[in-house]
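Asker:
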Amino acid sequence: MLNKILEHKTEELPSLERFKMLGSKVVVEMKKPVLASFNLRNLKYFNEIYGTAKGDWLITLMVDYFCRENKKSILGSMSYVDHLLVLCEAGGDSDEEILAFYQDIADRFLERVSDHYDRVKIHVECGLYVMQPGDSFIYAQDNARYARRSIRHSYSNTVAFYSEDLRRRSIKKASIIPNFEHAIDTDGIQVYLQPKCSAKNDRIIGAEALSRFCDEDGEILSPAIYVPILEQAGIVSRLDYQVLVKSVELLSKWRDDGHELFPISVNLSRVDLLEDRFIESLDHLVEDAGLDKQYIEFELTETVLVKDLEMIIAKMNHLREKGYRIALDDFGSGYNSLYVLGQVPANVIKFDRGFVLHSIQNQMGMTILSNLVNTFKEIEFEVLCEGVETEEEKQKIVSCGCDVIQGYLYDKPLCIDDFEKKYIYA
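Under the numbering used here, residue 501 is the last one in the sequence shown; the count climbs by one each step, no gaps.
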């Protein structure tokens, strides 16, 4: 059966169903069967720039390189318009040798593409799964896909092997939205507060509200895991609103108890800003609580400014005019147009930890950081440095003129009870 299939390797690829049927018959004759799942990242953009005919050429070239001309391939099929599945014989090769083999093919393929079409950067994603006796092709295909998706946002890795850890992480990601919905319905969204302290006297002058919720096993999930998923699903506004509700409740409670207030910052996404009803809802929430709007600070990341700039700036101006504070988060992590930042109606600019740490490594970096701080202060920005962990880092940052510091040097994000015991009712 294996030899018969190899005779037809260079012909038109079989349908996915026939691929699975033939593969299940031939896999029993193979020493080390590997199912490979391939995808071309940026193909949609490539089609927009060069046209769908060139895009079809690109897919044909992918099939040629990874299937027809691949000496280890046995059988291939398109599982989607730009997803290729290939059954391969790894023989006695180690996993490292298999990775190197497919990395070499990918490098040659990408070099061929860039020689002809260099306006769009195409990336190959390849997931590999070593099939075990008794594995169904559906199971193998899922595992190869888990491996491929593990590098979908990577620009340094092209090929990845499946592992049980990958499957567990993929299943956990798939459970994010159901767990989030449950947390919303059961008041399970928790707010943690991290203090912001004056660089001059170390006194607390603000706090950032950070969300948390638990999975089905009671494990607290990291925002780095669930926020991108909620953004992609278009429901992150529900999270942002819950954090704002709890922040307003806290400030109202502290006010009623006679304590001095300071601003609490909450995150806003571009989805929030572009939705008029969301802005109206948050404004009604703050007004109904009788809270001075200067104690609510909205944090926006630099990426918010990438698209719809005029509309975003108009919405930010609207919030400023109502009396809210606005902070621009993660400066130095991506978007870097000082011209655009000069148009942003923000009160605060937050320097990203990675940018700060890189800057304080040498005198040149210190000079750049100091000049940036002075520039922002001249246009009436308050400057905050994030992620400060040591006294040495603090002293260098203070020497550059930074106003406010946030980081583990002062405290980690604390649950509300712990934060209140330490900073409000101490």
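Ideal Cβ positions, reconstructed from N, Cα and C, are used throughout, including at glycine.
Looking at residue 199 and residue 88, is the spacing between their C-beta atoms short of 9 Å?
Answerer: By one-based count along the sequence shown, residue 88 stands at place 13. By one-based count along the sequence shown, residue 199 stands at place 124. Contact: no.
Asker: Restricting to Cα atoms, I'd like to know which of 109, 462 and 430 is closest to residue 214.
Answerer: Start at 1 with the first residue of the sequence shown, and residue 214 comes out as number 139. The candidate whose alpha carbon is nearest that of residue 214 is 109.
Asker: List the whole-angstrom C-beta distance separating residue 281 from residue 340, where the pair is believed to meet the contact cut-off of C-beta under 8 Å.
Answerer: Working through the sequence shown from its first residue, we reach residue 281 at position 206. Working through the sequence shown from its first residue, we reach residue 340 at position 265. Between residue 340 and residue 281 the Cβ distance is about 7 Å, and since that is below 8 Å, they are a contact.
Asker: Measuring only from the beta carbon, is residue 444 closer than 8 Å to any heavy atom that is part of the ligand COA?
Answerer: Looking at this structure, you won't find the ligand COA or any other ligand, since it has none at all.
Asker: Using 8 Å for Cβ pairs, my map puts residue 430 next to residue 406. What's the rounded Cβ distance?
Answerer: Here residue 430 refers to the residue found at position 355 when the sequence shown is read from its first residue. Here residue 406 refers to the residue found at position 331 when the sequence shown is read from its first residue. About 7 Å separates the two Cβ atoms, so the contact holds.
Asker: Runs of 4 residues minimum, wholly inside the region 288–359: which ones carry the alpha helix (DSSP H) assignment?
Answerer: Runs of the alpha helix (DSSP H) inside the region 288–359: 298–308, 311–331 and 345–349.
Asker: Can you name the start and end residues of the beta strand (DSSP E) that residue 158 belongs to?
Answerer: The residue you call residue 158 lines up with position 83 of the sequence shown. Segment 158–164, the beta strand (DSSP E) holding residue 158.
Asker: Classify residue 439 as buried or exposed, calling it buried when 16 or more other Cβ atoms lie within 10 Å of its own Cβ.
Answerer: Locating residue 439 in the sequence shown gives position 364, counting from the first residue. Under this definition residue 439 is an exposed residue.
Asker: Considering just the uninterrupted stretch of the beta strand (DSSP E) at residue 375, what are its terminal residues?
Answerer: Residue 375 sits at position 300 when you count from the first residue of the sequence shown. 371–376 is the extent of the beta strand (DSSP E) around residue 375.
Asker: Mind checking residue 95: buried by the 16 CB within 10 Å criterion, or exposed?
Answerer: As a position in the sequence shown, residue 95 is number 20, starting the count at 1. Residue 95 should be labelled buried.
Asker: DSSP three-state call for residue 213: helix, strand or coil?
Answerer: Residue mapping note: residue 213 aligns to position 138 of the sequence shown, counting from 1. Helix.
Asker: Using the three-state DSSP reduction, which class does residue 230 fall into: helix, strand or coil?
Answerer: Here residue 230 corresponds to residue number 155 of the sequence shown, with the count starting at 1. Residue state, collapsed to three classes: coil.
Asker: Among 483, 485 and 468, which one has its Cα closest to the Cα of residue 476?
Answerer: Residue numbering aside, residue 476 sits at position 401 when the sequence shown is read from its first letter. When only C-alpha atoms are compared, the closest one is 468.
Asker: Flag this pair as yes or no: are the beta carbons of residue 241 and residue 266 separated by less than 9 Å?
Answerer: Counting from one through the sequence shown, the residue named residue 241 turns up at place 166. Counting from one through the sequence shown, the residue named residue 266 turns up at place 191. Not closer than 9 Å, so no.
Asker: Spatial neighbours of residue 124 within its chain, please: C-beta separation below 7 Å, excluding the five flanking residues on both sides.
Answerer: Residue 124 sits at position 49 when you count from the first residue of the sequence shown. The residues are 194 and 195.
Asker: Which class does residue 146 belong to by DSSP, given the choice of helix, strand or coil?
Answerer: Sequence index remark: in the sequence shown, residue 146 carries index 71 (1-based). Coil, per DSSP.
Asker: Quick one: what's got a C-beta closer than 6 Å to residue 263's C-beta in the same chain, skipping five residues either side?
Answerer: Counting from one through the sequence shown, the residue named residue 263 turns up at place 188. Contacts found: 288.
Asker: Do the region 377–388 and the region 314–322 touch if we need at least three Cβ pairs shorter than 8 Å?
Answerer: No: fewer than three Cβ pairs fall under 8 Å.
Asker: From 463, 416 and 465, pick the residue whose C-alpha is nearest to that of residue 447; which is it?
Answerer: Counted from its first residue, the sequence shown places residue 447 at position 372. Nearest option by C-alpha distance: 416.
Asker: Go ahead and label residue 359 buried or exposed: buried means 16 or more other beta carbons lie within 10 angstroms of its beta carbon, across all protein chains shown.
Answerer: Counting from 1 along the sequence shown, the entry for residue 359 is found at position 284. Answer is exposed; the Cβ neighbour count stays below 16.
Asker: I'd like to know if the region 268–275 and the region 480–490 are in contact, where contact means that at least 3 CB-CB pairs between them fall below 8 Å.
Answerer: Counting Cβ pairs under 8 Å, three or more are found: they touch.
Asker: In its own chain, which residues sit with a C-beta less than 6 Å from the C-beta of residue 433, not counting the 5 before and 5 after it?
Answerer: Along the sequence shown, read from residue 1 onward, the residue named residue 433 stands at position 358. So the list is empty, once near-sequence residues are dropped.
Asker: Is the region 134–148 in contact with the region 172–181, if contact means three or more CB pairs nearer than 8 Å?
Answerer: Yes, they touch.
Asker: If you measure between the beta carbons of residue 235 and residue 201, is that distance less than 9 Å?
Answerer: The residue labelled residue 235 in the question sits at position 160 within the sequence shown. The residue labelled residue 201 in the question sits at position 126 within the sequence shown. It is a contact, given that the beta carbons lie within the stated cut-off.
Asker: Inspect the beta-carbon positions of residue 338 and residue 301 and report whether they are closer than 9 Å.
Answerer: Taking the first residue of the sequence shown as position 1, residue 338 is located at position 263. Taking the first residue of the sequence shown as position 1, residue 301 is located at position 226. Cβ atoms of residue 338 and residue 301: not closer than 9 Å.
Asker: Taking only three categories from DSSP, how would you classify residue 493?
Answerer: Within the sequence shown, the letter at position 418 stands for residue 493. Helix at residue 493.
Asker: Go ahead and label residue 260 buried or exposed: buried means 16 or more other beta carbons lie within 10 angstroms of its beta carbon, across all protein chains shown.
Answerer: The residue you call residue 260 lines up with position 185 of the sequence shown. Classification of residue 260: exposed, given that the 10 Å Cβ count is below 16.
Asker: Per DSSP, which residues does residue 556 bridge with? Please list them.
Answerer: With the chain running from 76 to 501 in the structure shown, residue 556 is simply not present.
Asker: Among all the DSSP beta bridges, which residues are the ones paired with residue 426?
Answerer: To locate residue 426, count along the sequence shown from 1; it is residue 351. DSSP lists 406 and 460 as partners of residue 426.
Asker: Just the C-alpha distance for residue 154 and residue 112, rounded to the nearest angstrom, thanks.
Answerer: Locating residue 154 in the sequence shown gives position 79, where the first residue counts as 1. Locating residue 112 in the sequence shown gives position 37, where the first residue counts as 1. Going by the C-alpha atoms only, they are around 9 Å apart.
Asker: Buried or exposed: where does residue 470 fall if 16 or more other Cβ atoms within 10 Å of its Cβ makes it buried?
Answerer: What you label residue 470 is simply residue 395 of the sequence shown in a count that begins at 1. That one is exposed.
Asker: Could you tell me which residues DSSP puts in a beta bridge with residue 273?
Answerer: Along the sequence shown, read from residue 1 onward, the residue named residue 273 stands at position 198. Looking at the DSSP assignment, residue 273 forms a beta bridge with 479.
Asker: Comparing alpha-carbon positions, which option in 465, 163 and 171 lies nearest residue 219?
Answerer: As a first step, residue 219 must be located in the sequence shown, where it is residue number 144. Cα-wise, what sits closest to residue 219 is 163.
Asker: Just verifying my parser: in three-state terms, what is the DSSP assignment at residue 153?
Answerer: Within the sequence shown, residue 153 is the residue found at index 78, counting from 1. It is a strand residue.
Asker: When you compare the CB positions of residue 348 and residue 375, do they come within less than 9 Å of one another, or not?
Answerer: Working through the sequence shown from its first residue, we reach residue 348 at position 273. Working through the sequence shown from its first residue, we reach residue 375 at position 300. Yes; because the gap between Cβ atoms is below 9 Å, this pair is in contact.
Asker: Going by DSSP, which residues form a beta bridge with residue 281?
Answerer: For the purposes of this step, residue 281 is taken as the residue at position 206 of the sequence shown. Answer is 271, bridged to residue 281.
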